[in-house]
Amino acid sequence: MGLADLLAQNMGSSLEGDKFDTKKDDKKKKVNSSEIIPKNQHQLVFTFEKRKGKPVTLVGRFYLEEKDKKELLKLLKKKLACGGSIKEEWIELQGDVKEKVKLTLEKEGWKFRK
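Throughout the sequence shown, residue numbering follows the numbering used here, covering 3 to 116 in sequence.
Given below as structure tokens:
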């Protein structure tokens, strides 16, 4: 038993051949079906923050599957010509793009809290 095997066992993992398998559940694949709701039932809100002097627009809470969130982020980044990422149920977009996001998502059938 090599050093790598001992370390893997102590950390709750197994090292077999070329594969390294952790015994922890993969969070990305774990989706609770009760949290997934259709897009016309979402009540989205905006949050504006400044991080390191740069504006960031947060839109959320999206109760969707991970692949649907990624597709939505890709659409927004392409339409708004800005960078962005997904953090939990929120989509973060670079810049102050609240009005553009609202117009784009309303065309796609999303609803916002008033």
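All C-beta atoms in this analysis are idealised placements derived from N, C-alpha and C, irrespective of residue type, glycine included.
Taking the continuous beta strand (DSSP E) assigned at residue i, which residues delimit it?
{"i": "valine 58", "result": "56-62"}
{"i": "lysine 116", "result": "Unbroken run through lysine 116: none, as it is neither H nor E."}
{"i": "lysine 41", "result": "Element bounds for lysine 41: n/a, residue is neither H nor E."}
According to DSSP, what are the bridge partners of residue i?
{"i": "isoleucine 88", "result": "Ile93"}
{"i": "threonine 106", "result": "Paired residue(s): none; threonine 106 is not in a bridge."}
Below 7 Å between beta carbons: does that hold for residue i and residue j?
{"i": "lysine 41", "j": "tryptophan 112", "result": "yes"}
{"i": "threonine 106", "j": "lysine 81", "result": "yes"}
{"i": "glycine 85", "j": "leucine 75", "result": "no"}
What residue from the options has the CA that sits closest to residue i's CA?
{"i": "leucine 95", "options": "Lys69, Lys109, Gly62", "result": "Gly62"}
{"i": "glutamate 90", "options": "Ala83, Glu73, Tyr65", "result": "Tyr65"}
{"i": "alanine 83", "options": "Lys71, Gln43, Asp7, Gly97", "result": "Gly97"}
Is residue i near the ligand HEM, in the sense that its beta carbon is under 6 Å from a heavy atom of that ligand?
{"i": "arginine 115", "result": "This structure lacks the ligand HEM; in fact it carries no ligand of any kind."}
At what residues does the alpha helix (DSSP H) containing residue i begin and finish?
{"i": "aspartate 70", "result": "68-82"}
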